[in-house]
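Note that full-length UniProt numbering has the sequence shown beginning at 1, numbered continuously upward. Every residue gets a Cβ at the ideal spot worked out from N, C-alpha and C, and that includes glycine. Here's the structure we're looking at; comments come further down.
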Amino acid sequence: MEALEEKEEVEQTPEDMNSLDISDFLDDLEADVTVEEASVPSDVPGFDWSSIDTSHLPSSYKTNSRQEKELLQLADHFLEQYTHLCPDRKPLFVHPVNECGVQKFVSTTLRPTLLPFPELYYWSGCASFVCDYLIMEPLKCPITLPSSLYSPTTILKYQRGNCFDFSVLLCSLLIGAGYDAYCVHGYATLEMCSLDQTQEVCPLLRKPPEVPEEEDPNKYRIQYPLEPQSKFELQQKAKKEEETEPGQEEEREEEVVTEVEKPKRDPLHGLRVHAWVLVLSGKRKVPETFFINPFTGNHHSTTDERFLGIESIWNHRNYWVNMQDCRQGCKDLSFDLSDSICWEIMFSESNEPSQLPTESPKKDTDDMEKGEIDMSFEMPLSWVARIKVSYREYENPFSQGKKVILYNKAKLEKWAAYANGDGLVERVTVYADSDCTEEVEVKEWFKHREDLLYMREVNKQTQLITDYFRPGHPLLLKAHSYTSLEPETGHTVEYYHTARVDGLWKRSENATEMTEYFVGREDFLHMRHIELGERDKTMHMAGIGTDANPRPIVQIKEYFHRNPEKPADEDIEERVFMVIDDIIQLTYHLEVHDTIASKVVFCRVIGREKREEEIFLSRENSVTYQPWSSEKHKNLLHLYNLLWELREEQKLLKQQVRDSEAEMLNILAVREDEEANIKLSVSMYNTAKRGQQHEAMV
């Protein structure tokens with residue numbers, strides 16, 4: 001062994017020299033705590049934890065009970081064995097001091113609590129509350145453990161903490177809600193440790209995964225042969241592609257570098273200490289084990305490459321040390337805590353002794369002579385006081401009034417409910433560049449508005465605004481797209497059609513046309529298109545309003561779905577009323593075997609004056625092409641009755657068009673009034689907010 005050691009000392013490879021340089025760099029880094037870190041927002045730059053008042057804290061914060069002292073002794077004994085057997089491993093996070101300078105075991109710092117808010121019964125609600133309520137503070141040294149771990153009550157009071165403080169608070173809430181949750185001490189990437197999300201896509205902008213279309217299950221369909229291709233031509237084409245590929249790849253690489261700056265190589269990669277939360281499957285019907293990053297509240301797979309390794313985990317009952325290889329990160333780790341090969345438990349849950357041997361080269365020490373020591377121990381109750389969050393604190397989680405998060409070409413802003421007079425709670429601004437200078441799109445989310453508006457999208461390039469409403473609006477609005485609330489400037493309105501009698505679900509209108517879309521109608525009408533002319537300019541210049549000077553109706557075109565109860569030659573597919581030209585055109589549906597649709601056209605006789613109630617029909621002003629219809633459809637009396645019905649329909653349609661125009665004007669007037677006088681609703685159970693409203697009214 002000595003010869004081998006001498007040989008190793010003599011022969012030093014370049015890798016060894018690099019490792020020595022890195023170790024020297026780490027020593028210098030630990031000596032000098034000041035490290036360049038990513039900028040972290042903070043509302044109180046000069047906040048000093050050493051100046052907080054601890055005089056009002058309970059006695060459990062300032063002293064240890066007899067059971068806690070025994071716990072610390074057992075933990076120290078475990079650490080001695082661990083250090084002896086694993087000398088190359090980093091120190092464990094076992095019993096840091098609390099805010100009163102008293103050593104406390106990390107498991108007793110957890111205080112399982114179920115807060116009286118429905119959202120906090122689920123992991124997502126707990127995670128979002130913690131990441132919104134607390135301000136992130138980086139570790140003093142990114143590669144060493146913190147020397148202290150404050151109670152969740154103190155962290156909630158001052159609304160700030162590091163990754164361990166975030167994790168302990170979140171884990172306490174999750175365990176209280178019934179989840180099998182654990183705090184994790186491990187290592188992660190620079191971006192995760194410093195809360196740098198500028199390389200990530202904003203979660204509110206992520207598109208749902210597309211569902212692949214199912215292939216045609218008919219395996220007996222005819223497969224037509226492919227076009228013959230020359231092998232020689234294919235070979236020549238492949239050679240040309242090989243010649244042009246290197247240049248194209250260089251161009252693509254340059255484009256990628258210019259579009260998104262790649263993160264620089266981190267010299268501390270794999271050494272940065274981080275804490276997060278592990279949720280095991282099983283309890284609360286959790287189907288799969290996952291991680292939660294407490295800084296962002298996002299869930300991650302256990303195979304996520306941003307988590308680089310785990311040293312230990314703990315909950316309110318026990319402490320486990322990871323004995324698995326983490327050179328490939330966490331993707332190959334087993335989270336079966338009952339497996340003693342993968343996880344070394346500190347306190348045996350049965351009466352079995354600890355699996356760690358107690359032999360040592362120095363056999364004259366008292367502890368080693370005793371052999372195996374019974375490590376079974378009942379964890380004492382938490383020394384932390386009950387975690388309390390008032391309704392006011394829960395509704396206003398942001399200490400600065402709002403929270404700003406920067407993503408890749410996007411910025412997310414969050415406000416508390418009722419912080420803004422218009423009910424705005426979230427806003428996402430999308431930019432065209434990484435420097436966030438040119439705005440492309442803005443999305444806003446609202447709460448508690450009486451007009452039931454909950455989201456607004458603004459396209460900064462086209463200035464198109466789209467408002468989205470919850471069910472229950474007096475005008476049954478679902479969405480409204482516009483550039484201005486002035487009439488005839490281009491509006492698209494969507495309705496909750498199930499609440500309407502006419503089945504209208506969408507209407508688009510501008511200065512020259514209007515299109516309406518229907519669904520679920522008994523007459524199978526699914527679209528109506530109206531062409532409108534210009535108003536009389538003389539009346540407009542005379543100051544006559546739009547009601548007395550309506551736009552003339554040029555044409556009304558309607559489209560119908562197939563009615564299976566009617567023959568195809570009697571079932572109208574398209575109906576056109578050319579109002580000014582006095583022409584009516586009908587197009588019928590086709591049967592399966594037909595190729596040419598039947599048509600009927602009624603037009604005005606040239607040279608004959610049009611009278612109000614007169615219906616004139618002759619062979620000259622009617623054109624029919626019904627090759628598949630019976631003889632009765634070609635009868636002149638049948639055509640006369642049909643024309644009479646169409647004239648009545650035209651009168652009704654013209655009135656419906658005027659009603660639609662009036663409805664659009666009413667919608668614009670109501671929306672303009674709602675935006676000018678925004679009102680927020682208050683729940684009858686929110687006594688604090690209702691009291692503020694009453695004081696404001698008085």
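If you ignore the 5 residues before and after residue 345, its C-beta comes within less than 7 Å of the C-beta of 318, 320, all in its own chain and listed in chain order. Around the C-beta of residue 167, 16 or more other C-beta atoms lie within 10 Å, and the residue is accordingly described as buried.
The three-state secondary structure of residue 133, taken from DSSP, is helix. Counting only residues of its own chain and dropping the five nearest sequence neighbours on each side, residue 427 has a CB closer than 6 Å to the CB of 413, 444. At a Cβ-Cβ threshold of 8 Å, residue 302 and residue 335 count as neighbours. The C-alpha of residue 316 lies about 45 Å from the C-alpha of residue 435.
Across the structure, residue 555 and residue 238 are spaced so that their CA atoms are roughly 57 Å apart. By the criterion of at least three beta-carbon pairs nearer than 8 Å, the segment 180-199 is in contact with the segment 135-142. Secondary structure at residue 383: coil, using DSSP grouped into helix, strand and coil.
In the structure shown, residue 410 falls within a strand segment according to DSSP collapsed to helix, strand and coil. Shown here for residue 492: same chain residues with a beta carbon closer than 6 Å to its own, the five before and five after excluded, namely 481, 508 in chain order. Rounded to whole angstroms, the gap between the alpha carbons of residue 116 and residue 64 is 30 Å. The three-state reading of DSSP puts residue 420 in coil, since its state is none of H, G, I, E or B. Three or more beta-carbon pairs separated by less than 8 Å are not found between the segment 394-413 and the segment 87-99, which leaves the two stretches without contact. Assignment of residue 290 by DSSP, reduced to helix, strand and coil, places it in the strand class. According to DSSP, residue pairing for residue 469 in a beta bridge involves 453.
Three or more beta-carbon pairs drawn from the segment 415-429 and the segment 381-398 are found closer than 8 Å, and the two stretches are therefore classed as touching. At the C-beta level, residue 130 and residue 170 come within 8 Å of one another. Around the Cβ of residue 66, a 10 Å sphere holds fewer than 16 other Cβ atoms; the residue is exposed. Residue 568 and residue 590 have their alpha carbons spaced roughly 6 Å apart. The beta carbon of residue 200 sits closer than 7 Å to those of 407, 408, all from its chain and outside the five residues before and after it, given in chain order. The three-state reading of DSSP puts residue 598 in coil, since its state is none of H, G, I, E or B. A Cβ-Cβ separation of about 5 Å places residue 448 in contact with residue 423 under the 8 Å criterion. In this structure, the alpha-carbon of residue 282 lies about 29 Å from that of residue 75.
Only buried fits residue 551, as 16 or more other CB atoms lie within 10 angstroms of its CB. Restricting attention to 306, 401, 342, the CA atom closest to the CA of residue 329 is found in 306.
Here DSSP, grouped into helix, strand and coil, assigns residue 164 to helix. Boundaries of the beta strand (DSSP E) harbouring residue 277: 273-279, taken from the DSSP string. Nearest in C-alpha terms to residue 203, of all of 299, 185, 294, 118, is 299. Straight across, the Cα-Cα distance linking residue 391 with residue 156 is about 14 Å.
The secondary-structure analysis by DSSP pairs residue 183 across a beta bridge with 277, 314. Counting every other CB atom within 10 Å of its CB across the protein chains shown gives residue 572 a total of 16 or more, marking it as buried. Between the alpha carbons of residue 311 and residue 93 lies a gap of roughly 9 Å. Excluding its 5 nearest sequence neighbours in each direction, residue 450 has C-beta neighbours in its own chain below 6 Å: 679, 681, listed in chain order. Taking each of 163, 348, 479, 107 in turn and checking the Cα distance to residue 464, the smallest one comes out for 479.
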